[in-house]
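Q:
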Amino acid sequence: MFLRFLQKIVSFGVDETMEQATVNRAKRINYYYLILITMLTLSILYSYLTGISSLDLINGIVLALTLAAFIFIPVGRRSNLSSLLVLVLTTLIILNAYLFNLGVASVLVLAFYLVFPLVAVSVNGKHGIYIPIVLGLTTVVLNSIPQLETAIHLDLYNALLFFTTYALVVAVSIYVERTNRELLAKLKESRTQVENEMLEKDEFISRLSHKLRTSLSNIALINSLVHDERLSYEQQELMETLKASTNLLIKDVNNIVEIASPGMVDYKRSITSFDLSSVLEESISILKSGGSLVEDISISRLDKLKTYIIGDPGLIRSLIVNIFYGVNDYRTDTEPVQIHIKSLKESPSHVRLEFAFKVSTINGVALVDHVRSLQQGNSHSGSNLTNAFTLLLESESTLSAVTESQGASLSFFQDFTKDPTKETAPDAGTIQGTTPPGKPGIALKDAKILLVEDNAINQKIVLLSLNKLVNRIDVASNGKQALEMFGSKQYDLILMDIMMPIMDGIVATQKIREIESTGDRHVPIVAVTANALAGDRENCLAAGVDDYIAKPFTTEMLIRKMRNWLA
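Residue numbers (the numbering used here): 8 to 574.
1. Output the boundary residues of the alpha helix (DSSP H) element that contains A373.
2. Please name the residue in S89, N187, I505, G321 whose C-alpha comes closest to that of A75.
3. Hey, is the stretch 64–72 in contact with the stretch 142–156, meaning 3+ C-beta pairs nearer than 8 Å?
4. Starting from H347 and walking both ways along the alpha helix (DSSP H), at which residues does that stretch end?
5. Put E430 into one of helix, strand or coil per three-state DSSP.
6. Report the option in Q488, E26, K218 whose CA atom is closest to the CA atom of P508.
7. Compare the beta carbon distance of D511 and V533 with 8 Å and say whether it is the shorter of the two.
8. How is the alpha helix (DSSP H) around F169 delimited, first residue to last?
9. At which residues does the alpha helix (DSSP H) containing T580 begin and terminate?
10. Quick one, which of E523, T57, L500, T525 has its alpha-carbon nearest W572's?
11. Pick helix, strand or coil for G448, following the three-state DSSP scheme.
12. A537 and H217 look like a contact to me (Cβ under 8 Å); what is the Cβ gap, rounded to whole Å?
13. Considering only DSSP beta bridges, list what G318 is partnered with.
14. With 16 other CB atoms within 10 Å as the buried threshold, where does A178 fall?
15. Pull up the distance between the alpha-carbon of L10 and that of Y38, whole angstroms please.
16. Using three-state DSSP, classify G20 as helix, strand or coil.
17. Helix, strand or coil for E491, going by three-state DSSP, please let me know.
18. Below 8 Å, how does it come out for the stretch 91–109 and the stretch 139–146: are there three or more Cβ pairs, yes or no?
19. Can you tell me whether V122 is buried or exposed? The criterion is at least 16 other CB atoms within 10 Å of its CB, across all chains shown.
20. Taking DSSP as the reference, what is the three-state secondary structure of D453?
21. Within 10 angstroms of its Cβ, does L238 collect 16 or more other Cβ (buried), or is it exposed?
22. What does the alpha-carbon distance come out to for the pair T428 and R359?
23. In the structure shown, what three-state DSSP assignment does D511 receive?
24. Could you tell me how far apart the beta carbons of F423 and S404 are, in whole angstroms, since I believe they sit closer than 8 Å?
25. Between which two residues does the beta strand (DSSP E) holding Y555 run?
26. Any beta carbon from chain B within less than 8 Å of R567's own beta carbon?
27. Using the DSSP secondary-structure output, state which residues sit across from E411 in a beta bridge.
28. With distance defined between alpha-carbon atoms, name the residue in F79, V176, N150, I369 nearest to F119.
29. Is the Cβ-Cβ distance between K133 and R85 less than 8 Å?
30. When the Cα of I456 is compared with those of L470, N465, N462, A463, which residue comes out closest?
31. Excluding sequence positions up to five away, which residues of its chain have a Cβ less than 8 Å from the Cβ of S402?
32. Thinking C-beta only, is T410 closer than 8 Å to Y315?
33. When the Cα atoms are used, what is the spatial distance from K568 to G448?
34. Looking at the strands, I want to know which residues DSSP matches up with I306.
35. Looking only at C-alpha atoms, which of S380, H347, R379 sits nearest to V366?
36. Assign A483 to one of three DSSP states: helix, strand, or coil.
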């Protein structure tokens with residue numbers, strides 16, 4: 008109880024969201040206030056018992072000033088002023104003890120006097136040393152005035168010994184403060200350097216991911232276009248090999264991005280309100296683009312969520328993708344990996360969801376042993392389950408595993424805050440996409456599509472993929488051109504790239520939504536982009552994009568999205 012009370016006093020006025028160095032300094036000042044208040048209280052008690060009323064009055068005034076400074080000038084808001092006041096009040100206490108020789112009490116205060124310079128620089132930095140210097144000069148003068156009968160008077164030898172020691176303490180305090188300041192400057196410089204290096208790595212991964220995804224997407228789309236029966240058997244075998252190799256590369260790229268991106272990007276920047284059904288659908292799309300068949304996965308929603316939830320959708324996608332790949336490596340029959348989502352705890356404002364992955368396998372014991380070895384700290388570098396386990400540790404959760412009669416089950420939980428301002432669609436329990444309410448259906452063949460893409464090769468491949476299904480597709484090479492075409496023509500759907508010169512897809516989408524805000528028109532915009540790092544999808548949706556497809560993708564996936572928004 009006492010320690011808890013002491014902790015509250017030390018943390019009074021301290022904002023824990025401040026930098027750690029500032030928090031530590033504020034707590035040191037509060038500790039010092041606590042010491043002063045204790046010293047003054049004991050001094051008042053001593054003067055009361057000895058009958059020195061004048062000393063009692065002085066100590067009472069200083070105690071009142073100390074309490075007022077502690078309460079009304081909290082260290083969290085005005086730390087510099089608070090630290091200055093605490094040093095001034097300490098000076099008054101020391102001078103008071105020096106002017107009124109109280110025997111043992113004064114000796115204790117003077118002992119504290121010798122360490123005062125170190126305390127001063129610890130709470131007020133390089134400026135804190137000025138007050139101990141002024142105090143030292145003042146006491147030298149007071150020691151040489153014999154008319155002060157109640158004051159402490161040291162003889163020449165003791166005065167030289169005492170004030171020389173004090174001067175050495177002042178010198179040491181200056182050295183310590185300067186050394187600490189230089190060390191902190193070096194630490195800050197090192198931290199800045201590391202942050203810059205991490206930023207460069209993030210940018211490199213982003214550029215590399217963009218290039219790989221764009222190229223792989225083109226290869227995948229070309230593969231889907233080659234269905235010529237005139238190909239010989241050997242040529243068809245080569246195309247199948249090329250397709251399988253491409254799918255394997257797509258899986259690896261998705262794996263790298265879904266694993267590496269959350270590790271480099273601060274999760275706090277990805278916290279947003281999202282629809283769990285949409286995240287599940289996106290996870291399925293990522294798995295399908297990596298070569299997994301829809302028959303390999305079965306998702307069932309047992310929760311009763313009616314609203315959006317606030318959390319990190321990128322983390323959920325990463326966990327689903329990594330754990331699926333991890334358990335799928337152990338699958339030994341044709342039964343799909345079953346993903347069950349249910350609510351463990353729920354309140355009007357919060358919900359804890361469990362994600363359970365059930366796999367039919369004769370290697371269930373080996374799978375569970377693999378997870379348990381991760382729990383014991385054994386590393387399996389590069390494995391999907393290792394990556395998922397690391398992500399869960401960072402989010403203060405864990406991966407559990409148990410054997411079952413027909414295989415094994417892996418599960419994890421995540422806590423979310425409900426977003427009562429956004430309700431899910433009636434079919435939120437499925438992984439299907441949603442259609443804008445009240446929108447008249449348009450057949451894909453009759454739709455007017457605007458493709459916004461700066462890369463000529465990408466334009467050609469998308470047009471080749473869609474030309475048999477869509478009669479009219481206009482092409483814009485950048486966001487500015489798309490904006491001009493949007494203002495002059497009517498379109499039923501826009502396929503928007505994000506990284507483009509002159510005007511990118513984010514700005515173009517925002518401007519299109521600004522134009523639409525003046526009327527009742529709303530054209531669905533689907534982002535088709537190689538930007539697939541953590542937070543990219545959220546940035547697109549925040550700009551006004553209706554849906555998001557990350558490269559690489561299949562023609563079937565693109566067509567399904569288009570039909571969904573045109574239906």
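Backbone N, C-alpha and C fix where the C-beta goes; we use that ideal spot for every residue, glycine too.
A: Put simply:
1. A373 -> alpha helix (DSSP H) spans 371–382.
2. For A75, the nearest C-alpha among the options comes from S89.
3. They do not touch, by the three-pair rule.
4. Segment 344–353 is the beta strand (DSSP E) holding H347; no alpha helix (DSSP H) there.
5. It is a strand residue.
6. Closest by alpha carbon: Q488.
7. No, the pair does not count as a contact, with Cβ atoms beyond the cut-off.
8. First-last of the alpha helix (DSSP H) with F169: 163–232.
9. A question about residue 580 goes unanswered here, because the residues of the chain that appear run from 8 up to 574.
10. The candidate whose alpha carbon is nearest that of W572 is L500.
11. In this structure, G448 counts as coil in the three-state DSSP scheme.
12. Between H217 and A537 the Cβ distance is about 4 Å, and since that is below 8 Å, they are a contact.
13. In DSSP, G318 forms a bridge with T279.
14. Result: exposed.
15. Rounded to whole angstroms, L10 to Y38 spans 13 Å at the Cα level.
16. The three-state reading of DSSP puts G20 in coil, since its state is none of H, G, I, E or B.
17. Reduced to three states, the DSSP call for E491 is helix.
18. Yes: the two stretches touch, three or more of their Cβ pairs being nearer than 8 Å.
19. Exposed is the call here.
20. The answer is helix: DSSP assigns D453 an H, G or I state.
21. The residue is exposed, with fewer than 16 neighbouring Cβ atoms inside 10 Å.
22. Using only the alpha carbons, I get a separation of about 19 Å.
23. Looking at D511 - three-state DSSP - the assignment turns out to be coil, as it is neither helix nor strand.
24. The beta carbons of F423 and S404 sit about 12 Å from each other, so the pair does not count as a contact at 8 Å.
25. In the DSSP annotation of this structure, the continuous segment of the beta strand (DSSP E) that includes Y555 starts and ends at 554–557.
26. Going by chain labels, chain B is absent from the structure shown, which holds only one protein chain.
27. Note: E411 sits in a beta bridge opposite G414.
28. The residue with the shortest Cα to Cα distance from F119 is V176.
29. With respect to R85, K133 sits apart: the two C-beta atoms are not nearer than 8 Å.
30. Per the Cα distances, L470.
31. Non-local C-beta neighbours of S402 in its own chain, meaning closer than 8 Å and more than five positions away in sequence, comprise Y274, D319, L322, Q421, ordered along the chain.
32. No.
33. If you draw a straight line from the Cα of K568 to the Cα of G448, it comes to about 14 Å.
34. According to DSSP, which records beta bridges pairwise, I306 is partnered with I346.
35. Ranking the options by Cα distance to V366, first place goes to H347.
36. The three-state reading of DSSP puts A483 in strand, counting E and B together.
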